[in-house]
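Residue numbers (the numbering used here): 2 to 361.
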Ligand SMILES: [Zn+2]
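This is how it looks when you write it as structure tokens:
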């Protein structure tokens, strides 16, 4: 992402949607939107309407923001940031304290001959909304909702999420596919993160929890060296550390499958939950895999016909029960039990899931 224009954001967003969200321009994670969860989210962000007051209270450096946990209320009023220019000439906005910690980390790395810079950090909810609006206008609301992460649900909104790029022998290396070619450099960087209050946010093989594939460049500042050390040494995701991986609040029945591994089905279920989290006010009651018999030639053909250029080779159907909001929200009739609501996901030869269709 050389230039942080709306166009490049759109590309980034589009690319990022693959895993429940995606690379990390969007965001996501586990658990569901049960009443308990909702109230937890609210209590984490006390509703002090007065922004001046919340400013003095500051932000919660351990706030969880992912596709199921939106940016806490009042965050953008309380946030203090600095804007700096990176070596590519782009402006990057970072939360103040996180930036100081980043500078200390950067200086330490340079002693070891490792050179990094900031690719992107904060993106406001309004920016995300703008992208959503552009997509809605260009491609229609259905496509936009499916493709663009919901504004409010990206960790980059916090100002505490930093995407790094590398400078190797005087050359900037900022494309994801190039950056992943240097695991030994990332290892050196990751080793030093906890000392400065950072954690690596999207770990390898934890996609079914975070909703994201491995991103060696995406750091999260948590302003707590001890916690960062604990998280790192135990190999935890932030969700696991915060106890926000909640599998008991809703029944997910993965059934049995000869077609998919348990991890594949878990990952598919996470994606469904992530998307469901954008159904305002709806309460998830249960989710189940419909069984391998959904993977017919006919269904594969059908889902391929819905996504232009898609080459899906396998499909999976999930069935969901949920309850609609007490007040009419426009999308569904109020206060209704929705049974056997269908979710259709597909995999291409790469094996990553896409939600292709949902509804009755
Ligand atoms: Zn990121």
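From the three backbone atoms N, C-alpha and C, an ideal C-beta is built for every residue, glycine too. All of these numbers come straight from a predicted model, not from anything done at the bench.
### Query
residue 71: which of 181, 152 and 253 sits nearest, CA to CA?
A check of alpha carbon separations from residue 71 across 181, 152 and 253 identifies 152 as the nearest.
### Query
Roughly how many angstroms separate the alpha carbons of residue 190 and residue 224, rounded to a whole number?
Residue 190 and residue 224: Cα-Cα distance of roughly 17 Å.
### Message
Considering only heavy atoms of ligand 1, does any lie closer than 7 Å to the CB of residue 164?
### Response
Taken from the Cβ of residue 164, at least one heavy atom of ligand 1 lies inside 7 Å.
### Message
I'd like to confirm the pairing. Which residues does DSSP put opposite residue 359 in its beta bridges?
### Response
In DSSP, residue 359 forms a bridge with 344.
### Message
Which residue wins for smallest C-alpha separation from residue 303, given the options 347, 277 and 175?
### Response
Ranking 347, 277 and 175 by Cα distance to residue 303 puts 347 first.
### Task
Leaving out five residues on either side along the sequence, give the residues of the same chain with a beta carbon under 6 Å from the beta carbon of residue 258.
Annotation for residue 258: 293 place their beta carbon closer than 6 Å to its own, counting only its chain and skipping 5 residues before and after.
### Message
Just to confirm before moving on: does the CB-CB distance between residue 117 and residue 97 stay below 8 Å?
### Response
Cβ atoms of residue 117 and residue 97: not closer than 8 Å.
### Query
With a CB to CB cut of under 8 Å and the five nearest residues on each side skipped, what residues in its chain are close to residue 110?
Scanning its chain for C-beta atoms nearer than 8 Å, with the 5 sequence neighbours on each side dropped, one finds around residue 110 the residues 116, 117, 189, 190 and 193, in chain order.
### Task
Would you tell me roughly how many angstroms separate the C-alpha atoms of residue 25 and residue 66, rounded to the nearest one?
Because residue 25 sits at a pLDDT of 39, beneath the cut-off of 50, its placement in the model cannot be relied upon, and the point is left open.
#### Entry: Sheet register partners of residue 94 (DSSP bridge)
Residue 94 is bridged to 84.
### Complete beta strand (DSSP E) runs within the segment 113–187 (minimum length 3 residues, chain order)
Segments of the beta strand (DSSP E) lying fully in the segment 113–187: 116–121, 162–169 and 172–174.
### Message
Once DSSP output is grouped into helix, strand and coil, what is the label at residue 234?
### Response
Helix.
### Message
Can you determine whether any heavy atom of ligand 1 sits closer than 7 Å to the C-beta of residue 191, and answer yes or no?
### Response
For residue 191, the distance from the CB to the nearest heavy atom of ligand 1 is not below 7 Å.
### Query
Residue range of the alpha helix (DSSP H) that residue 270 falls in?
For residue 270, the enclosing alpha helix (DSSP H) starts and ends at 263–277.
### Task
Within 10 angstroms of the Cβ of residue 86, are there 16 or more other Cβ atoms? Answer buried if so, exposed if not.
Counting Cβ neighbours within 10 Å, residue 86 comes out exposed, since fewer than 16 surround it.
### Task
Look at the alpha carbon of residue 20 and the alpha carbon of residue 305, and state the distance between them as a whole number of angstroms.
Below a pLDDT of 50, predicted positions are generally treated as unreliable, and residue 20, at 33, falls in that range; the measurement from the model is reported next regardless. Inter-residue distance for residue 20 and residue 305 is about 18 Å (C-alpha atoms, whole angstroms).
### Query
Around the C-beta of residue 351, are 16 or more other C-beta atoms found within 10 angstroms, so that it is buried, or is it exposed?
Counting Cβ neighbours within 10 Å, residue 351 comes out exposed, since fewer than 16 surround it.
### Query
ligand 1 heavy atoms versus the CB of residue 157: any closer than 7 Å?
Checking every heavy atom of ligand 1 against the Cβ of residue 157, one is found closer than 7 Å.
### Query
Going by beta carbon distance, what residues of the same chain come within less than 7 Å of residue 197, once the five residues before and after it are set aside?
For residue 197, same chain residues with a beta-carbon under 7 Å away, outside a window of 5 residues either side, are 102, 105 and 106 in chain order.
### Which residues DSSP lists as bridging residue 287, in chain order
Residue 287 pairs with 252 and 322.
### Closer than 7 Å: residue 70 CB and nearest ligand 1 heavy atom
Flag unset: Cβ of residue 70 not near ligand 1.
### Range of the contiguous alpha helix (DSSP H) that encloses residue 313
Bounds of any alpha helix (DSSP H) do not take in residue 313, whose DSSP letter is neither H nor E.
### Task
May I ask whether a heavy atom of ligand 1 can be found less than 7 Å away from the beta carbon of residue 219?
With a threshold of 7 Å, the Cβ atom of residue 219 counts as near ligand 1, since some heavy atom of the ligand is closer than that.
### Query
When the distance is taken between beta carbons, is residue 255 closer than 8 Å to residue 270?
In this structure, residue 255 lies closer than 8 Å to residue 270 by Cβ.
### Message
DSSP has residue 70 in a bridge; who is on the other side?
### Response
According to DSSP, which records beta bridges pairwise, residue 70 is partnered with 67.
### Query
Rounded to a whole number of angstroms, what is the C-alpha to C-alpha distance between residue 234 and residue 319?
Whole-angstrom Cα-Cα distance: 36 Å.
### Task
With a threshold of 16 other CB atoms inside 10 Å of the CB of residue 33, please say whether the residue is buried or exposed.
Confidence is the limiting factor: at residue 33 the pLDDT is only 30, short of 50, which leaves the residue's position unreliable, though a coordinate-based value still follows. Under this definition residue 33 is a buried residue.
### Query
With contact counted as at least three CB pairs below 8 Å, one residue from each stretch, are the segment 227–246 and the segment 200–211 in contact?
Enough Cβ pairs lie closer than 8 Å, so yes.
### Query
Which same chain residues, not among the five before or five after residue 195, have their C-beta less than 7 Å away from its C-beta?
Result list for residue 195: 226, 229, 230 and 233, in chain order.
### Same chain, Cβ closer than 7 Å to residue 134, neighbours up to 5 away in sequence not counted
There are no such residues.
### Query
When the Cα of residue 262 is compared with those of 353, 287 and 360, which residue comes out closest?
Cα-wise, what sits closest to residue 262 is 353.
#### Entry: residue 154 versus residue 204 - alpha carbon distance
Using only the alpha carbons, I get a separation of about 19 Å.
### Query
Would residue 90 be called buried (16 or more neighbouring beta carbons within 10 Å of its own) or exposed?
Exposed, because fewer than 16 other Cβ atoms sit within 10 Å of the Cβ of residue 90.
### Query
Taking residue 99 as the reference, which of 162, 137 and 88 has the closest Cα?
Considering only alpha carbons, the answer is 162.
### Query
Are there 16 or more other CB atoms within 10 angstroms of the CB of residue 316, so buried, or fewer, so exposed?
Counting the other Cβ atoms within 10 Å of the Cβ of residue 316 gives 16 or more, which makes it buried.
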